[in-house]
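Numbering (full-length UniProt numbering), first residue to last: 1 to 1105. Positions of the beta carbon are idealized from the N, C-alpha and C atoms, including for glycine.
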């Protein structure tokens, strides 16, 4: 028995070893396939096919010139099904994402029409995955769908399959198979005049047959062909050849989802609405004998044909220009077309819905400039217009018919064509009182007053009444007063706090979806430092949807990384300064005396690029999100919390990786010693993560941990120290350490003052603000809120930290331009142009103060003189500075080689094309906040590449020119470009101390992408990427401002507040006032119900950011 038992054990051990060896062999083969290793000498492509076809000049035109397209056919294209033996035998390259192998499951193959329906259904992926967990999309079907789809849907399709759409990961597995690049699935055209639809059908038939007969699908798997026509020839052939089930999208959902379910009814309606929108688009492309399909009674003038538009736009002196339609928030009947490219006219005024001609805010349109006799003055320049969606729009247009002869008329035009629709979603509500029983059509009122009402069709309108809906505009017929659209989701009932927050995020195109599985797979989880994805809610980007506090991971510095970094843990006293409760601490500083009597300043920034590898799924997701979004009471992180609030964050008494900028300063004057700056990767240990209040108390010579009693009208600076938890700024500081940090802070304060004076002498703007409005809230639902406005005083430590951040950013920017003169990512702030300062000059003139806004130097001198004159109190001066900031253009990310020279920059005395007007710096970028801004991650990678390879392949000496002297301009920090300076409530600025900068730089561990610095971010990639980051940055700020407006409205709904206000403009029927305390702008209309009196009605308007 013992012998038999031993033999059995040995046999089981041999079997397990063989199984393990086979598994290791398969894993090795998979790794080889993923990186594209070839173990045989066969070429990657085996044949070339040439397609000859006519180039369509537009969708609605006849074919134009001949086009020849070469297709390189391969045999190593993977089918996209996991564990496919046929593909492994063919040595096919394994893609990053594949469809799960389901022996008893279904694989759904949609045609072009059904693919468009599926894209809408994926908006409700959690519901759709119950019916279609696996979706196989053929490339030929995708191209057909792009030809069929409206411009908006075509854009979304491209983004989805490029991985730029937030739905790219989730319950439905989607794989795009390049059938026209595989040797065995490519279809040759049978004749030059073969219809594309016929060829597409042949491609579907051949590809599906290849999947089934060659064993790419599991033997028992079922194939479903989702099509608009189950009786079409291709449907019948698929059923006969491979036993595939042909079914429409609606029938597919009905068969696989529960009957009489609200979710099923919702998906069915969504599919039907999408089908109707696609059919409408098809009908619009079927021209009559004149090329158009028009009703006998049209509400709007017909648009020019696409060919006519192309011809008109191509003419050198054409009166037809292309641009983006921007509707006014003050008067939705007024809009401007921001003209693209260099033209004599920068923007064209458009008045009334008729002149907008079915153009919607955000559309790219073609506008025809009217003769000068028909130019008009914007009504909002003279009147306060109170417009509601319920008013007659034509009444507003007729009221201003006599405006044409008013002085000050500007170029005016009318829209003659829609080049492309805005791909945005909108938030709208169907008012219950406007719908009658039995109606299947209703008008939804958008939350954004700039949009027209949208006609929705639904068989279940009762479920949509008085709900916030996520709406898409599909089309706008010439004979309809309103556009047609459909809803893709129900956000909830108005009045719910979460609903309103979700609505403003949708309205500002801010993503709040969880992080994808592919991105989470890139997190550095290990046996020594495991990451609990589920328990810690790591996938959630919103702090409101995950635990308020999570314990820090027991992460240790890898031994192999230490030789590649400069270790500052035992040589430098590094500390940080942040708002109380800050978790994402991404910068710290150090300061110390050197043996030669000089001072070494160090700025240490979290090394996010170490954890986020270039080109990884996590990197691509961070790039798509662009920035962390800060809202009242919560934030939406750009990176998962494991990184943003733990491994990357420079927490107290934790070893962390950093990228440091260290330089030597004169011991007496704190002037920067030439050629003393050192850049490199470091290891630091933050000795104290202080709050601003703690640092301020140390500078005042008192105990940093003293629990100050709050003053009336302000919030307590921080909770008692006993409430402090690990991983949050504001912990107790030992008394001995307080003495050391106090001296460091005093030196840093002197250094900050010196840096501010130096920057001011070069034309910089010293942006400061005495007060900052914050919200103290305890809100569960609207109507049950406890919102309090507190005013927080600005401290000198804020300015000190800001100056040190500016110094680091500017120093890195100069380094990047020296190394990458054609493609360094910079932060540019162009000077104001035209008569932007007119209102400021006139307001000051009313107080007998002269303002010279020729450049930033003269502007600062004027404001300083006004402040010294005593003619203006502090509130009026604050208003002047606020107006000066408002009229300035936004700062933007640019590629250094893609910036054209600007006349305004020359008049301001700038010597580079990418100077920062607000800061008075010729070189500036964002380097200090990589945890919350993707632009900083790019800058880190470029800096590390510059260190790894200091000499470019082809470089020209950087021309250095002296900068004209100027003075700092003191302005408030409440506008867009002011994020470059003092932080707001959610801006994360930190302080720390560093050590001698003259040490030899330690070798930098660079991955392959960083090592090849010249190709890391080439200009053709960096230019569109910078535009994307500008867009995401703008959207985040608009969302934050909208959230502030929401909570400010909550506050005023239950509080009556009297504050000093200043009249900034007079209109014919009222005036505009500026609230000094909360910065709000109020429009006060004056009515005269009787000759003896008038009534002043105030209405708060959202600030233009």
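Segment contact: the stretch 93 to 104 against the stretch 112 to 125, fewer than three CB-CB distances shorter than 8 Å; contact not assigned. The bridge partners DSSP lists for residue 682 are 566 and 658. DSSP lists no bridge partner for residue 687.
Its chain contains 425, 426, 427, 428, 444, 446, 454, 456, 485, 486, 487 and 488 as the residues whose beta carbon lies nearer than 8 Å to that of residue 471, once the 5 sequence neighbours on both sides are disregarded; these appear in chain order. Contact between residue 93 and residue 81 fails: their C-beta atoms lie close to 14 Å from each other, not under 8 Å.
Here the alpha carbons of residue 662 and residue 729 stand approximately 24 Å from one another. C-alpha of residue 928 to C-alpha of residue 659: approximately 10 Å in a straight line. Here residue 513 carries a coil assignment [DSSP, helix/strand/coil].
In this structure, the alpha-carbon of residue 182 lies about 12 Å from that of residue 87.
Per the DSSP secondary-structure output, residue 326 pairs in a beta bridge with 336.
Membership of residue 623 in any beta strand (DSSP E) is not indicated; the residue belongs instead to the alpha helix (DSSP H) covering 617 to 625.
A contact is defined here as three or more CB-CB pairs under 8 Å, and the stretch 464 to 480 meets this definition with respect to the stretch 429 to 438.
When beta bridges are read from the DSSP output, residue 941 appears opposite no residue.
Pairing residue 621 with residue 516 gives a Cβ-Cβ distance under 8 Å.
With a 10 Å radius around the Cβ and a threshold of 16 neighbouring Cβ atoms, residue 190 comes out exposed. Straight across, the Cα-Cα distance linking residue 323 with residue 799 is about 40 Å.
Taking a 10 Å sphere around the C-beta of residue 672, we find 16 or more other C-beta atoms and assign the residue as buried. Counting only the Cα atoms, residue 1036 lies some 11 Å from residue 638. In the three-state reduction of the DSSP assignment, residue 138 falls in the strand class. Taking the C-beta atoms as reference points, residue 364 is found nearer than 8 Å to residue 420. Here residue 222 carries a strand assignment [DSSP, helix/strand/coil].
For residue 506, the uninterrupted alpha helix (DSSP H) run begins and ends at 497 to 507, by DSSP. For the set 810, 1064, 827 and 873, the Cα lying nearest the Cα of residue 841 is the one of 1064. Residue 590 is bridged by DSSP to 602. Between the stretch 169 to 178 and the stretch 137 to 153 there are three or more C-beta pairs closer than 8 Å, enough to call the two in contact. The Cβ atoms of residue 1067 and residue 383 lie closer than 8 Å to each other.
Here residue 10 is exposed, its C-beta having fewer than 16 other C-beta atoms within 10 Å. A distance of 8 Å or more separates the beta carbons of residue 1039 and residue 698. Note on residue 923: 16 or more other CB atoms within 10 angstroms of its CB, so buried under the neighbour-count rule. Listed in chain order, the non-local C-beta contacts of residue 808 below 7 Å within the same chain comprise 603, 661, 927 and 928, local neighbours out to five positions each way being set aside. Scanning 874, 890, 749 and 940 for the CA closest to the CA of residue 1061 turns up 874. Residue 142 and residue 115 do touch by the CB rule: their CB atoms are close to 7 Å apart, below 8 Å.
Distance from the Cα of residue 843 is smallest, within the candidate group 866, 159, 157 and 826, for 866.
Burial is judged here by how many other beta carbons sit within 10 angstroms of a residue's own beta carbon; residue 529 has fewer than 16 and is exposed.
Assigned with DSSP and collapsed to three states, residue 318 falls in coil, not helix or strand. When C-alpha distances from residue 222 are compared across 599, 272, 108 and 634, the shortest belongs to 108.
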